[in-house]
Amino acid sequence: PHLHQLISAADFQEVARNTLTPKAWAFYSSAATDLVTHTQNKAVTRRVMFRPRILRDVKTVSTKRKILGCDSSVPFFVSPAAMARLAHPDGELALARGCANEDIVQCISSNASYPLASIVKAGRKDQPFFLQLYVNVDRPKTEDLLSKAALLGIRGILVTVDAPVPGKREADERIAAENVASAISGAVASNDKKGGGMGRLMAQYVEKSLIWEDVQWIKRVSGLPVVLKGVQSAMDSRMAADWGCDGVMLSNHGGRSLDGAQPSILVLLELHRMCPEIFDKLEVYIDGGFERGSDILKAISLGATAVGVGRPYLYSLTYGEEGVEHLTQSK
Ligand code: FNR
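Under the UniProt record's numbering, the residues of the sequence shown are numbered 121 to 451, in order.
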């Protein structure tokens with residue numbers, strides 16, 4: 121269909137289902153085992169209802185936000201997702217151009233399909249980017265990546281903490297891997313007795329021994345604000361504040377990691393109940409199943425600074441940078 125016939129994230133998903141290769145669709149859309157967390161992310165967010173207030177002058181409103189000090193035209197940003205090139209030959213480069221035109225922040229995955237420097241260069245001057253980090257078992261490699269990030273003007277590091285081991289994504293495992301390589305991780309796809317699965321393959325270099333002390337190492341080496349991505353309880357949000365994090369991202373990896381983990385929106389409600397002071401200490405982001413402006417508004421109303429949008433942006437890339445722009449404008 122023509123881009124202008126698409127009016128929602130669900131429409132983009134439908135096009136992606138019909139146009140991506142089976143392997144790309146499986147990798148993008150899949151989630152861990154029985155998809156409980158994946159489906160409940162969206163379902164539970166939809167069950168949280170508004171209590172709209174009335175008679176406030178809404179003649180002039182603004183959706184502008186500062187996210188980790190970066191100017192954004194909206195209170196949402198692009199969550200990091202691997203291998204955007206499976207959707208479009210320009211992959212993350214097209215994403216960068218689309219984000220530049222819409223004034224939104226792109227968080228680049230450690231498993232992006234283009235090198236970090238090329239992605240940053242594809243955007244406009246001073247365009248804000250975050251980098252998502254998987255710590256490499258070969259730690260000097262991570263130190264190199266972090267110094268490179270600082271030099272490239274990356275504005276914050278989102279350290280993923282919910283996936284020390286990859287989730288069991290059966291749809292991804294069932295389809296034999298194509299010969300795709302990840303530009304930054306250097307992983308090359310191959311199937312073995314345990315099945316294929318790009319997720320499992322790309323996780324091979326991820327350090328499993330990461331602990332709280334390492335947050336300080338990441339901060340020191342990068343010199344950048346650090347956000348933990350994949351925080352799933354009030355207790356860990358408090359610890360993140362105590363360990364000097366600049367933000368937490370309430371996330372379960374879009375249900376792709378531990379199936380049965382509580383939906384992200386329930387974690388946000390838990391923070392309200394158990395540690396309301398946290399919202400003054402650090403920035404709180406959230407992702408998982410947010411597809412509409414109204415979904416996003418619920419999280420913002422509950423104190424989140426911004427919401428991450430994952431799969432919908434990958435799906436929008438079937439139309440390249442124009443898809444990214446059109447999705448951003450859709451409600
Ligand atoms: C992801 N996600 C992810 N997260 C991360 O920290 N590093 C990564 O490399 C990836 N890669 C990735 C690939 C694909 C195909 C998907 C769908 C997701 C998780 C992502 O950042 C985000 O948490 C979820 O996608 C949010 O949920 P929604 O918006 O997709 O429902």
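By construction, the Cβ of each residue, glycine as well, lies at the ideal position given by its N, Cα and C atoms.
Of the candidates R176, L389, W332, G350, the residue whose Cα lies closest to the Cα of D362 is W332. L188 places its beta carbon less than 8 Å from that of P345. Between the ligand FNR and the CB of Y148, the shortest heavy atom gap is smaller than 7 Å. DSSP places M369 within a strand segment (E or B) once states are collapsed to three.
About 10 Å separates the beta carbons of R376 and S149, which is beyond the 8 Å limit, so they are not a contact pair. Spanning the alpha carbons of P260 and A129 requires a straight line of approximately 40 Å. DSSP places K349 within a strand segment (E or B) once states are collapsed to three.
Set against 7 Å, the gap from the CB of N231 to the closest heavy atom of the ligand FNR is smaller. The C-beta of R205 has 16 or more other C-beta atoms within 10 Å across all chains shown, which makes the residue buried. For K349, the shortest separation between its Cβ and any heavy atom of the ligand FNR lies below 7 Å. The closest heavy atom of the ligand FNR lies less than 7 Å from the beta carbon of S371.
When DSSP states are grouped into helix, strand and coil, A361 belongs to the helix group. A distance criterion of 7 Å places the beta-carbon of P200 in contact range of the ligand FNR, judged by its closest non-hydrogen atom.
Within a 10 Å sphere around the beta-carbon of Q160 sit 16 or more other beta-carbons, which makes this residue buried.
Secondary structure remark: continuous alpha helix (DSSP H) runs of at least 4 residues inside the stretch 230-279, in chain order: 236-242, 259-271. A Cβ-Cβ distance of about 17 Å is found for the pair D292 and N372, leaving them out of contact under the 8 Å criterion. Ranked by how close their Cα comes to the Cα of P172, the residues A426, K186, S421 have S421 in first place. Here the alpha carbons of D191 and K401 stand approximately 20 Å from one another.
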